[in-house]
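Worksheet: one structure, shown below.
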Amino acid sequence: DAGVIQSPRHEVTEMGQEVTLRCKPISGHDYLFWYRQTMMRGLELLIYFNNNVPIDDSGMPEDRFSAKMPNASFSTLKIQPSEPRDSAVYFCASKDRDKPYEQYFGPGTRLTVT
Amino acid sequence: EDKVVQSPLSLVVHEGDTVTLNCSYEVTNFRSLLWYKQEKKAPTFLFMLTSSGIEKKSGRLSSILDKKELFSILNITATQTGDSAIYLCAVWASGTYKYIFGTGTRLKVLA
Chain G
1225 DAGVIQSPRH EVTEMGQEVT LRCKPISGHD YLFWYRQTMM RGLELLIYFN NNVPIDDSGM
1285 PEDRFSAKMP NASFSTLKIQ PSEPRDSAVY FCASKDRDKP YEQYFGPGTR LTVT
Chain U
1275 EDKVVQSPLS LVVHEGDTVT LNCSYEVTNF RSLLWYKQEK KAPTFLFMLT SSGIEKKSGR
1335 LSSILDKKEL FSILNITATQ TGDSAIYLCA VWASGTYKYI FGTGTRLKVL A
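Line by line, the protein sequences give chains G and U. Numbered according to my numbering, the first sequence spans residues 1225 to 1338. Numbered according to my numbering, the second sequence spans residues 1275 to 1385.
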């Protein structure tokens, strides 16, 4: 299995631009998580899905952030408009309901907003 | 508000030293505590602890949970340069599949 796949791996954009991060979970996993990691705040959960349905989006910082999961093999996290304080590493993770304790993380997308 | 606090924030040791990393938590409906190792990329799973007083071991790493005092420790004996990483602690609460992560301990092992 290829593991969780994220794209792009690096993104540099200017303030005000729209950014879309993409994630393909491990096949058969029914939970998908989006995290943001910064030095100051550590790893924060933004939103998670179960069977493509958003379950908890209380970590989404504000209306500029949105996430979708149109099918079991694809999810997007969109920031519009982006701001410098959104600069961070964004991780996607997935897990199998039968192994609820173990999340598999993707390699992350390093976002820099100038 | 649920929270997970790790200490120290960073640590520099020499090869062969033993280190102890700490994780304390305040979480409603605690279910399990997990440790992850993060090198240059994504976190990788180390241990899951659910019961107090039962040590989990994997090679030179071991961990234990104290549910009365609400903390866990991760021990690494005979450290090697390959142990250099950020060690993350996360708590999983019942009724949700949400993990709450601490900010991590950054460990650097010098040759």
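Glycine included, each C-beta is placed from N, C-alpha and C at the ideal position.
Point to revise | Secondary structure of Pro1308 (chain G), DSSP reduced to three states | key: The answer is helix: DSSP assigns Pro1308 (chain G) an H, G or I state.
Practice item. Measure the Cβ-Cβ separation of Ser1318 (chain G) and Phe1257 (chain G) and say whether it is below 9 Å. Key: yes
Practice item. Would you list the residues sitting across from Lys1248 (chain G) in a DSSP beta bridge? Key: In DSSP, Lys1248 (chain G) forms a bridge with G:Ile1229.
**Study point:** Residue environment, Gly1376 (chain U), which counts as buried when at least 16 other CB atoms sit within 10 Å
**Key:** buried
**Study point:** Endpoints, beta strand (DSSP E) assigned at Gly1266 (chain G)
**Key:** 1266-1274
Practice item. For chain U, find out if any of its Cβ atoms is closer than 9 Å to the Cβ of Val1277 (chain G); answer yes or no. Key: no
Check your understanding: According to DSSP, is Asp1291 (chain U) helix, strand or coil?
Key -> Note: Asp1291 (chain U) maps to coil in three-state DSSP.
Check your understanding: Which chain U residues are close to Gly1240 (chain G), counting only those with a beta carbon under 7 Å from its beta carbon?
Key -> Those do not exist, as Gly1240 (chain G) stays about 29 Å from chain U at its closest Cβ, beyond 7 Å.
Practice item. Spell out the partners DSSP gives Pro1278 (chain G) in its beta bridges. Key: According to DSSP, Pro1278 (chain G) bridges with G:Phe1273.
Review point. So, does the CB of Asp1280 (chain G) fall closer than 9 Å to a CB anywhere in chain U?
Key: yes
Point to revise | Limits of the unbroken beta strand (DSSP E) element including Val1337 (chain G) | key: 1333-1337
Review point. Can you tell which of U:Arg1334, U:Glu1313, U:Val1286 has the C-alpha that lies nearest to the C-alpha of Leu1362 (chain U)?
Key: With distances taken between CA atoms, Leu1362 (chain U) lies nearest to U:Glu1313 out of U:Arg1334, U:Glu1313, U:Val1286.
Practice item. Let me know if Asp1357 (chain U) comes out buried or exposed under the rule of 16 or more other beta-carbons within 10 Å of its beta-carbon. Key: With 16 or more other Cβ atoms from the protein chains shown falling within 10 Å of its own Cβ, Asp1357 (chain U) counts as buried.
**Study point:** Reference Phe1289 (chain G); option with closest CA among G:Asp1322, G:Phe1315, G:Val1243
**Key:** Of the candidates G:Asp1322, G:Phe1315, G:Val1243, the residue whose Cα lies closest to the Cα of Phe1289 (chain G) is G:Val1243.
Exercise for review: Measure from the C-beta of Lys1342 (chain U) to each C-beta in chain G and report whether the shortest distance is under 9 Å.
Suggested key: no
Check your understanding: Could you give the distance in angstroms between the alpha-carbon of Arg1246 (chain G) and the alpha-carbon of Glu1238 (chain G)?
Key -> 19 Å
Check your understanding: What are the boundary residues of the beta strand (DSSP E) that Glu1347 (chain G) is part of?
Key -> As displayed, chain G neither begins before 1225 nor continues past 1338, which places residue 1347 (chain G) out of reach and without an answer.
Review point. Per DSSP, which one or two residues make a beta bridge with Thr1262 (chain G)?
Key: G:Gly1266
Review point. Is there at least one Cβ from chain U nearer than 9 Å to Pro1331 (chain G)'s Cβ?
Key: yes
Review point. Where does the unbroken beta strand (DSSP E) through Pro1282 (chain U) begin, and where does it stop?
Key: Neither: Pro1282 (chain U) is in no beta strand (DSSP E) and is coded neither H nor E.
Point to revise | Burial state of Ser1332 (chain U) (16 or more Cβ within 10 Å) | key: By the neighbour-count rule (16 or more Cβ atoms within 10 Å), Ser1332 (chain U) is not buried but exposed.
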